[in-house]
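Okay, so here's the structure we're looking at.
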Amino acid sequence: MSATLLTYGFVALTFGIYIAIALWSRSDSTNEFYVAGGGVHPIANGAATAADWMSAASFLSMAGIIAFEGADGARYLMGWTGGYVLLAFLLAPYLRRFGKFTVPDFVGDRYYSQTARLVAVLCVIFISFTYIAGQMRGVGIVFSRFLEVEIETGVVIGMGIVFFYAVLGGMKGITYTQVAQYCVLIFAYLVPAIYVSILLTGIPLPMLGFGATMADGSGIHLLDKLDGLTTQLGMAAFTEGRKSTVDMFFIVAALMAGTAGLPHVIVRFFTVPDMRAARVSAGYALVFIALLYTTAPAVAAFSRINLIQAVENASYAELPDWFGKWEDSGLLSWVDKNQDGRLQYRGGAAMNPAKPVFVDGRGASGERLVSNELTSNENELYIDRDIIVLASPEIAQLPNWVIALMAAGGLAAALSTAAGLLLVISSAISHDLIKNTLAKNVTERQELNYARLSAAVAIFIAGLFGIYPPGFVAEVVAFAFGLAAASFFPAIVLGIFSKRVSKEGAIAGMLTGIVFTAGYIIYFKFIEPSANTSEFWWWGISPEGIGTLGMLLNFAVSLSVTRFTHAPPADVQAMVLMIRQPEKGD
Amino acid sequence: MNERETSETHQTDAADEVKRADSEAIDQAAYWRANLRIMASLLLIWFGVSFGCGILFVDVLNEIQFFGWRLGFWFSQQGAIYVFVLLIFAYVALMNRLDRRFGLIKED
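These protein sequence lines are chains G and B, in that order.
Residues 6 to 591 in the numbering used here are what the first sequence lists, from first letter to last.
Residues 12 to 119 in the numbering used here are what the second sequence lists, from first letter to last.
What follows is the structure in structure tokens.
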């Protein structure tokens with residue numbers, strides 16, 4: 006059967022499962038809509054958290070980034086898993102014990118202030134929309150490449166599916182579809198990785214194959230071979246980092262604190278029965294996440310080797326099918342600088358600007374022509390990082406059903422994250438904004454209707470972002486983590502670990518963190534992009550890592566302002582003491 | 012942070028909680044201190060494997076070969092993640108023991 010037909014089959018099958026689950030798990034109360042009734046098993050919540058967390062970026066892009074960056078890619082591996090340790094130790098159990106529905110609930114109650122609640126609501130909405138735009142785009146890319154439909158159509162289909170289970174089922178529907186989506190995505194990620202690992206090293210576990218010797222009889226370790234190939238071709242050695250130690254340190258810290266402070270991750274721990282369940286559930290979540298995150302660097306190394314061997318000095322006319330398909334979708338490009346009809350893959354960018362701008366017509370060997378100015382180095386190839394994961398089964402010549410599986414997995418990753426984000430946006434509007442701020446006398450039924458309505462509107466807006474992506478999506482993702490690290494993380498941690506921090510302290514801290522972090526990122530990404538190099542950065546910290554500094558400032562400002570203001574009211578202090586330990590006897 | 016500084020003043024709807032907290036004020040402070048101790052020692056390991064082995068000392072460790080990996084590279088791309096998982100389960104086990112010791116868990 007052809008890959009396209011199989012892909013249609015797999016995607017239709019998985020979508021059918023998601024819809025069936027949605028029908029079975031409809032929500033009839035706000036408690037069910039916001040936190041799935043609070044009765045989700047810790048293992049189920051762990052799987053749902055993993056699917057919620059692992060987005061189109063984790064599934065489609067991360068291994069690609071590591072494949073090209075090598076050692077520096079570790080910042081995502083450590084940053085996006087280490088945050089769960091912080092979540093399990095510092096946040097999740099206490100917030101579960103607090104026992105309400107949303108993150109602004111906690112911020113508003115702990116800091117006895119509507120202002121604090123509003124700042125939190127705005128942050129939640131901004132962070133979540135930033136994130137969701139990328140998910141819808143991911144859905145569109147998978148559809149256009151594997152099902153050969155327009156990106157727009159793909160986004161609309163994706164919106165329809167998410168609409169169905171998020172609006173009907175709320176958190177309850179989302180939780181159980183996310184469990185199913187986790188299974189689909191991890192299966193889709195592991196199967197090709199295991200295949201390739203066996204082909205390259207003879208060892209089925211990619212996490213081990215990655216450090217094994219090549220199966221070609223040469224007896225060389227895979228990574229040594231890769232280091233050799235990359236340096237030979239004038240690229241940086243794969244296992245050698247290029248980022249400065251300071252920058253790596255700050256980026257990893259920002260990603261960790263940001264992960265722990267992301268509202269759509271935190272609310273997942275509101276759905277388990279109690280505090281102890283929240284602790285262990287964070288452990289299961291990390292196990293499920295680690296399965297993909299320890300495989301990703303292996304996939305990265307495997308595909309870099311396979312890619313180099315498939316294209317280096319190959320004749321364009323004899324290249325396999327996949328090259329032409331990705332070239333047609335504009336994510337690959339070759340310029341025959343030395344007119345020999347063969348691909349030279351070397352260090353440095355092949356053209357200027359680095360991304361190809363295609364024009365009509367074909368070159369002497371049949372390649373697509375570009376209008377870019379060619380650079381003077383020998384490299385003739387442009388490869389978009391995002392294709393590495395999706396293309397690696399094709400590059401390794403795996404059977405069609407494995408390729409079809411990848412498409413279903415990519416969609417599962419994007420849809421599950423999108424749904425989790427939508428729920429956070431809708432509860433921020435219906436619960437925090439309408440119920441707790443604007444119209445406190447709404448009935449539960451009305452609140453539930455508002456929740457469904459705001460979920461529907463949020464899906465529509467997210468879809469528009471997917472169809473008309475703002476050019477700055479990639480840039481603003483640094484925002485999401487930086488802001489979460491500089492705003493929520495310190496505010497919540499201080500709210501739990503200190504009874505004394507006052508509302509003035511917390512608000513001043515959050516505003517300082519946000520303004521500082523956003524200002525730094527906006528300056529280097531939008532106002533002076535040409536100055537975005539290490540010589541202009543403060544202490545060599547890139548915009549990606551500045552959230553760490555914003556977080557430290559937040560802590561410092563909160564604690565200093567607190568010294569000069571009144572202590573929180575007695576009931577708030579009692580609440581802090583209450584959330585620090587489990588209920589007796591459960 | 013003095014844990015007992017304000018447990019005397021309370022007259023709100025959380026009064027029930029406070030009364031209970033008050034009668035067990037010493038227990039609660041001891042429980043919290045024990046929790047902080049467990050947390051701090053595990054976070055030290057967390058810092059050591061990621062920021063330590065994976066970033067600050069990565070070049071030194073890369074001089075050591077660990078199977079097919081350079082050790083620093085292995086820590087930053089594999090080892091740290093495995094340790095993170097173990098740390099959370101260690102925390103769960105230690106906290107469950109603590110909960111039991113303070114009578115916060117039903118004996119079964």
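Note that the Cβ used here is the ideal one computed from N, Cα and C, for glycine as well.
Owing to the predicted nature of the structure, the values given are computational and were not obtained by experimental measurement.
Tell me whether the beta-carbon of residue i lies closer than 9 Å to the beta-carbon of residue j.
{"i": "Ala5(G)", "j": "Phe151(G)", "result": "Since the first residue of chain G shown is 6 and the last is 591, residue 5(G) is not available in this structure."}
{"i": "Leu95(G)", "j": "Met106(B)", "result": "no"}
{"i": "Phe494(G)", "j": "Phe62(B)", "result": "no"}
{"i": "Val82(G)", "j": "Ser52(B)", "result": "According to the sequence displayed, residue 82(G) carries Leu and not Val. Their beta carbons are not under 9 Å apart, which means Leu82(G) does not touch Ser52(B) by this criterion."}
{"i": "Ala485(G)", "j": "Gly145(G)", "result": "no"}
{"i": "Phe148(G)", "j": "Val160(G)", "result": "yes"}
{"i": "Pro109(G)", "j": "Asn441(G)", "result": "yes"}
{"i": "Ala56(G)", "j": "Gln183(G)", "result": "yes"}
{"i": "Gly353(G)", "j": "Gly239(G)", "result": "yes"}
{"i": "Gly518(G)", "j": "Leu558(G)", "result": "yes"}
{"i": "Tyr200(G)", "j": "Phe293(G)", "result": "no"}
{"i": "Ala242(G)", "j": "Gly78(G)", "result": "no"}
{"i": "Ala496(G)", "j": "Gly524(G)", "result": "no"}
{"i": "Lys177(G)", "j": "Gly114(B)", "result": "no"}
{"i": "Trp58(G)", "j": "Val270(G)", "result": "yes"}
{"i": "Ile99(B)", "j": "Ala287(G)", "result": "yes"}
{"i": "Ala258(G)", "j": "Met583(G)", "result": "no"}
{"i": "Asp252(G)", "j": "Trp542(G)", "result": "yes"}
{"i": "Phe275(G)", "j": "Thr107(G)", "result": "yes"}
{"i": "Leu337(G)", "j": "Leu386(G)", "result": "yes"}
{"i": "Val69(B)", "j": "Gly83(B)", "result": "yes"}
Taking the alpha helix (DSSP H) that residue i falls in, what are its first and last residues?
{"i": "Asp70(B)", "result": "69–72"}
{"i": "Trp327(G)", "result": "326–333"}
{"i": "Ile393(G)", "result": "392–400"}
{"i": "Ser547(G)", "result": "Neither: Ser547(G) is in no alpha helix (DSSP H) and is coded neither H nor E."}
{"i": "Leu10(G)", "result": "8–29"}
{"i": "Gly510(G)", "result": "508–527"}
{"i": "Gly44(G)", "result": "Here Gly44(G) belongs to no alpha helix (DSSP H), and DSSP marks it neither H nor E."}
{"i": "Ala125(G)", "result": "119–151"}
{"i": "Glu533(G)", "result": "Counting along the chain, Glu533(G) falls outside any alpha helix (DSSP H), and DSSP gives it neither H nor E."}
For residue i, which option in the options has the closest C-alpha, if you only look at C-alpha atoms?
{"i": "Arg309(G)", "options": "Gly552(G), Val407(G), Pro398(G), Arg568(G)", "result": "Pro398(G)"}
{"i": "Ile464(G)", "options": "Met141(G), Leu488(G), Leu227(G), Leu231(G)", "result": "Met141(G)"}
{"i": "Tyr455(G)", "options": "Val167(G), Lys177(G), Leu173(G)", "result": "Leu173(G)"}
{"i": "Gln402(G)", "options": "Phe328(G), Leu379(G), Val375(G)", "result": "Phe328(G)"}
{"i": "Thr206(G)", "options": "Phe307(G), Phe274(G), Phe363(G), Leu443(G)", "result": "Phe307(G)"}
{"i": "Val447(G)", "options": "Ser435(G), Leu458(G), Arg457(G)", "result": "Ser435(G)"}
{"i": "Ile501(G)", "options": "Val581(G), Arg247(G), Lys508(G), Leu127(G)", "result": "Val581(G)"}
{"i": "Glu452(G)", "options": "Tyr116(G), Phe38(G), Ala265(G), Ile584(G)", "result": "Phe38(G)"}
{"i": "Ile256(G)", "options": "Tyr116(G), Val577(G), Asp576(G), Thr553(G)", "result": "Thr553(G)"}
{"i": "Ile313(G)", "options": "Ile388(G), Tyr116(G), Ile137(G)", "result": "Ile388(G)"}
{"i": "Pro474(G)", "options": "Ile22(G), Gly139(G), Asn50(G), Ala97(G)", "result": "Gly139(G)"}
{"i": "Ala193(G)", "options": "Glu245(G), Val129(G), Leu296(G), Thr218(G)", "result": "Leu296(G)"}
{"i": "Ile472(G)", "options": "Ile71(G), Asp114(G), Ile156(G)", "result": "Ile156(G)"}
Please state whether DSSP places residue i in a helix, a strand or coil.
{"i": "Met12(B)", "result": "A caution first: Met12(B) carries a pLDDT of 39, below 50, which makes its placement in the model too unreliable to give a value."}
{"i": "His226(G)", "result": "strand"}
{"i": "Thr23(B)", "result": "Per-residue confidence for Thr23(B) stands at a pLDDT of 47, beneath the threshold of 50, marking its modelled position as unreliable; the derived number appears in the next sentence. Thr23(B): coil per DSSP, three-state reduction."}
{"i": "Thr218(G)", "result": "strand"}
{"i": "Val103(B)", "result": "helix"}
{"i": "Thr17(B)", "result": "Interpretation of Thr17(B) is limited by its pLDDT of 42, a score under 50 that renders its predicted location unreliable; no figure is taken from the coordinates."}
{"i": "Ile56(B)", "result": "helix"}
{"i": "Glu317(G)", "result": "coil"}
{"i": "Met83(G)", "result": "helix"}
{"i": "Ile208(G)", "result": "coil"}
{"i": "Glu449(G)", "result": "helix"}
{"i": "Phe569(G)", "result": "coil"}
{"i": "Lys248(G)", "result": "coil"}
{"i": "Gly104(G)", "result": "coil"}
{"i": "Thr538(G)", "result": "coil"}
{"i": "Leu267(G)", "result": "coil"}
{"i": "Phe113(B)", "result": "coil"}
So residue i is in the beta strand (DSSP E); what residue range does that whole segment cover?
{"i": "Leu374(G)", "result": "373–375"}
{"i": "Gly366(G)", "result": "363–367"}
{"i": "Tyr387(G)", "result": "386–388"}
{"i": "Leu337(G)", "result": "337–339"}
Any idea which residues DSSP pairs residue i with across the strands?
{"i": "Gln76(B)", "result": "Arg81(B)"}
{"i": "Arg347(G)", "result": "Ser320(G)"}
{"i": "Met356(G)", "result": "Leu379(G)"}
Any heavy atom of the ligand SAH closer than 8 Å to the CB of residue i?
{"i": "Phe560(G)", "result": "Looking at this structure, you won't find the ligand SAH or any other ligand, since it has none at all."}
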